[in-house]
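Residue numbers (the numbering used here): 394 to 562.
Every residue gets a Cβ at the ideal spot worked out from N, C-alpha and C, and that includes glycine.
Note that the coordinates shown come from a computational prediction; the quantities given were computed from them, not determined experimentally.
For reference, the structure is listed below as structure tokens.
Structure, rendered in structure tokens:
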């Protein structure tokens, strides 16, 4: 069956599901950000799209022009105002800003960004800072695509930015 999106209404033990929200044709995967005011929708043979959501009502659908058609990883910022799309097979990373109302690809990076594909990613709410990890180090990515070592580590489980901040953990 086609993917469905339903709100969970009520409290644990007494929760019910809303009626399904109408999704655009050819929706293949749905990504729900923090705050849940919208969803990112992957669509077969079409570009990535943002669908605004108001409670249990689906709103308008906005395409994300130029977004990767296929990606392995999607990471949202703390408030969901920006996101990272990464395709390991294509060796590309895209930064999406302006979510949810005016989605746009603000930067794109190709192969050679790091010696190996990143293991963990994080992006700030304003899309100005990106943290990436590879075995042995955490890097900060500048707007020009230059990487700088933030710290050396033995392993990285996850990376995150604090809400409305360029400070991360």
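- Residue 540 holds the alpha-carbon nearest to the alpha-carbon of residue 509 among 540, 536, 516.
- Around the C-beta of residue 516, 16 or more other C-beta atoms lie within 10 Å, and the residue is accordingly described as buried.
- The three-state reading of DSSP puts residue 456 in strand, counting E and B together.
- Comparing alpha carbon positions, the residue from 469, 481, 411 closest to residue 451 is 411.
- Each of 562, 505, 493, 419 was checked against the Cα of residue 430, and the nearest Cα belongs to 493.
- The segment 546-554 makes contact with the segment 522-534, as at least three CB pairs between them are under 8 angstroms.
- Within the same chain, 440, 442 come within 7 angstroms of residue 456 by CB-CB distance, once the 5 residues on both sides are set aside.
- With fewer than 16 other Cβ atoms from the protein chains shown falling within 10 Å of its own Cβ, residue 535 counts as exposed.
- The continuous stretches of beta strand (DSSP E) do not include residue 425, and DSSP gives it neither H nor E.
- Secondary-structure assignment with DSSP links residue 533 through a beta bridge to 524, 541.
- For residue 500, the three-state secondary structure derived from DSSP is strand.
- In this structure, the CA atom of residue 438 is about 36 angstroms from the CA atom of residue 408.
- Rounded to whole angstroms, the gap between the alpha carbons of residue 403 and residue 499 is 38 angstroms.
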